[in-house]
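Below is one structure, written out as structure tokens; the observations come after it.
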Amino acid sequence: MKSVVKFVVFFIVPIIILILWIGGFFSHRVQPGYAAVEGKVVQGVKTAKVETQSTRGFYTVDGTVMANNNAKVATKIMGKILKINVKEGDRVKEGQVLALIDTSDIQQNIKEAKAALEELSKGREEALAGLKAAKAGYEFAKRTYERFKNLYKDNAVSKQQLEEIETKMIAAKAQYEAVQAKLKQLDAKEKQVRAKLKFAEIMKGYGVIKAPFDGIVIKKMNDVGDMAAPGMPLFVIGDNDLRFFAQIDESFVDRVNIGDTFDIHIDSINKTVKGTVVEKNSNIDPMSRSFSVKMKIPYVDGISSGMYGKFYIPTEAEKEVFIPKSAIVKWGQLDAVYKVDKEGILHLTFVKLGKTVGDKVQVLSGVQSGDEIVVSGTENACDGCKIR
């Protein structure tokens, strides 16, 4: 029952009032030959003339936030993806670990190379000790030969004895040179193993996938357990140098130029950023009848590539009727004002409202420029009352 009463009060009654008002039931007219009826005089109301004001219209441009630079992050080795530390939309710092690739085979190569280096190190120590002994033996044999050669000149030793000493010296020299050659071989082998170890350690490093620069993860292309291969992209990272891309109707091609700035509202984070036009393609797309622009925008917390945004281009100024909000009288769900005629009589007049700007509201119909209306003290006004 209560719902029926509410329906009658808030819907049926206002409609009946509107019909009666349109039919002139509430209007007080002065018939030719008759004097105006004296109505109730009210105090405490203030009136003003309705005036038009110039307001600018706006053309809405939709667009998308994009990273100025995108990088595909790939691995240089083949292996199973063991771990992924980020998801799409995450912000990352340069050098931050994004994922880990299985490098167990490479680590085995590193282990073997290190073991080989240990063996070579032992062999080199032995070779150095042998080289020291061979050098001492050769130098002793050489001194002995020189001494026997002088003795031979003095006929103190026989030629056979000299030749025997010379043979020993030659053998000692050969031994010394052989140990030197072996040491060189060990050095060369060690160099090869160290190069192999260095390469393996570098390859192991490729198993740690890092962010190339500060930015945001635009796309994640794989999951844990997938096989990664050299050159296969794992992520797409966009930098923090953001752009706003938009297509604009061709009628504005001369109104938007490089260097122009606009306030761009990013709906998803409810923030407005300043955009500066840095690129403009004046070639008109024959399908959409539009041209494209790119604007440089600053990074703000929460913003990321792919987000929707919009900005407004002012259009020609238009004459519109605005009245103070204080002039509006509520009749159920209807809006009205008190209009003042030449005799100072108030007439309740229903109006259709538009946009609100500050403390004023646009009137689309019901009053026009030059009309006098009550702008304050509406609570003291009444239909048919007089103010003067």
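FYI, in my numbering the residues of the sequence shown are 388 to 775.
Positions of the beta carbon are idealized from the N, C-alpha and C atoms, including for glycine.
It should be emphasised that the depicted structure is a prediction, and the values quoted were computed from it without experimental measurement.
One thing to note: Glu475 has its Cβ within 9 Å of the Cβ of Lys607. When rounded, the separation of the alpha-carbon atoms in Asn627 and Ser692 is 9 Å. DSSP lists Ser679 as the bridge partner or partners of Gln634. Between Leu735 and Asp758, the CB-CB gap reaches or exceeds 9 Å.
Secondary structure at Asn644: coil, using DSSP grouped into helix, strand and coil. The beta carbon of Gly524 sits closer than 8 Å to those of Ala559, Gln562, Tyr563, all from its chain and outside the five residues before and after it, given in chain order. Comparing alpha carbon positions, the residue from Lys658, Lys697, Ala633, Thr648 closest to Val680 is Ala633. Looking at the DSSP output, Arg511 sits in no beta bridge, so it has no partner there. Within the segment 468 to 494, the runs of beta strand (DSSP E) that reach at least 3 residues and sit entirely inside it are, in chain order, 484 to 488. DSSP places Gln572 inside the alpha helix (DSSP H), whose first and last residues are 546 to 592. Its chain contains Val437, Val708 as the residues whose beta carbon lies nearer than 7 Å to that of Gln755, once the 5 sequence neighbours on both sides are disregarded; these appear in chain order.
Rounded to the nearest angstrom, the Cβ distance from Val460 to Ile653 is 26 Å, too far for a contact under 8 Å.
Less than 9 Å divides the Cβ of Ile464 from the Cβ of Met590. Taking the Cα of Ala575 as reference, the smallest distance to any Cα among Ser508, Ala458, Leu733 is reached at Ser508. Rounded to the nearest whole angstrom, the C-alpha separation of Val452 and Gly602 is 14 Å. The DSSP-derived three-state label of Asp626 is strand. Of the other Cβ atoms in all chains shown, 16 or more fall within 10 Å of the Cβ of Ile732; this residue is therefore buried. A Cβ-Cβ separation of about 5 Å places Val748 in contact with Lys712 under the 8 Å criterion. Only buried fits Gly696, as 16 or more other CB atoms lie within 10 angstroms of its CB. With contacts defined as CB atoms closer than 9 Å, Gly764 and Val750 fail to qualify as a contacting pair. When the beta-carbon positions are compared, Tyr446 and Phe639 come within less than 9 Å of each other. Considering only Ile635, Glu766, Ala543, Asn455, the residue with the shortest C-alpha distance to Asp672 is Ile635.
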